[in-house]
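The numbers in the sequence shown follow full-length UniProt numbering, run straight up by one, and end at 146.
Since the structure comes first, as structure tokens, the remarks are kept for the end.
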Amino acid sequence: MKVNKATEADLDQLVPLFNGYRMFYKQASNPEAARTFLTERFQKKDSVIFLAIAPDGTGLGFTQLYPSFSSVSMQRTYILNDLYVASEARKKGVGEALMETAKLFAISEGSKGLTLETDVDNPAQKLYQRLGWKKDTHVNHFTWEA
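Okay, here's the thing in structure tokens:
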């Protein structure tokens, strides 16, 4: 397995994974919309996507990072917004490889670090804790939707 920074050339491998990620969160399958959304992210340089690829070229998983800034520390930070590993590739180190690649990228960019949020019952929390991520108990997150 290798993990690469994805480009538009990787859309054929990335779209089924992204669609599977959305379906995991109870969204309807829509590969066309997934392709459009990802194409826009690449073209607008809104995010950084890392893609895990098997030796045979099969996409195994991905993570997507969005840049943000901390006004208090006056530093860039990245939001690890999406992490998905195909069901047949789980428990094989793919998620860990993606997370570690994201950490190395953040360091190389001089970032303050990474943040993520996840469902309270997401089993991936065990992975995050094993990799040294700390649960933030000092802040509450609020959302507003239009």
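Yeah, the Cβ is synthetic: ideal placement off N, Cα and C, and Gly gets one too.
Rounded C-alpha distance that separates residue i from residue j
i: TYR25; j: PRO55; result: 28 Å
i: PHE111; j: HIS141; result: Per the sequence shown, the amino acid found at residue 111 is Ser instead of Phe. Near 21 Å, if we compare the C-alpha coordinates of HIS141 and SER111.
i: ASN4; j: GLU40; result: 19 Å
i: ASP10; j: ARG35; result: 11 Å
i: PHE37; j: ALA52; result: 19 Å
i: ASP136; j: GLY113; result: 13 Å
i: LYS44; j: VAL72; result: 27 Å
i: GLU8; j: GLU32; result: 14 Å
i: LEU104; j: PRO67; result: 15 Å
i: ASP12; j: GLY59; result: 9 Å
Close Cβ partners of residue i (< 6 Å) along its chain, the five nearest in sequence each way excluded
i: THR115; result: ILE79
i: LEU131; result: MET99
Distance CB(residue i)-CB(residue j) smaller than 7 Å
i: PHE50; j: LEU98; result: yes
i: ALA6; j: LEU14; result: yes
i: GLN27; j: SER47; result: no
i: VAL85; j: GLY93; result: no
Contacts around residue i, its chain only, beta-carbon distance under 8 Å, and the 5 residues preceding and following it disregarded
i: THR118; result: ALA124, GLN125, TYR128
i: ASN30; result: ASN19, ARG22
i: ILE107; result: none
i: ALA102; result: PHE50, THR63, LEU65, TYR78, LEU80, LEU114
Whole-Å CB distance - residue i paired with residue j, under 8 Å assumed
i: TYR21; j: ASP82; result: 6 Å
i: GLY61; j: ALA89; result: 6 Å
Neighbourhood of residue i by C-beta, 7 Å cutoff - its chain only, sequence neighbours within 5 removed
i: GLU109; result: ARG76
i: LYS2; result: ILE53
i: ASP70; result: Note that residue 70 corresponds to Ser in the displayed sequence, not to Asp. Same-chain partners within the cutoff: THR77, LYS112.
Which residue spans inside the UniProt domain "N-acetyltransferase" (1-146) form an unbroken beta strand (DSSP E) run of at least 3? 2-5, 48-53, 59-70, 75-85
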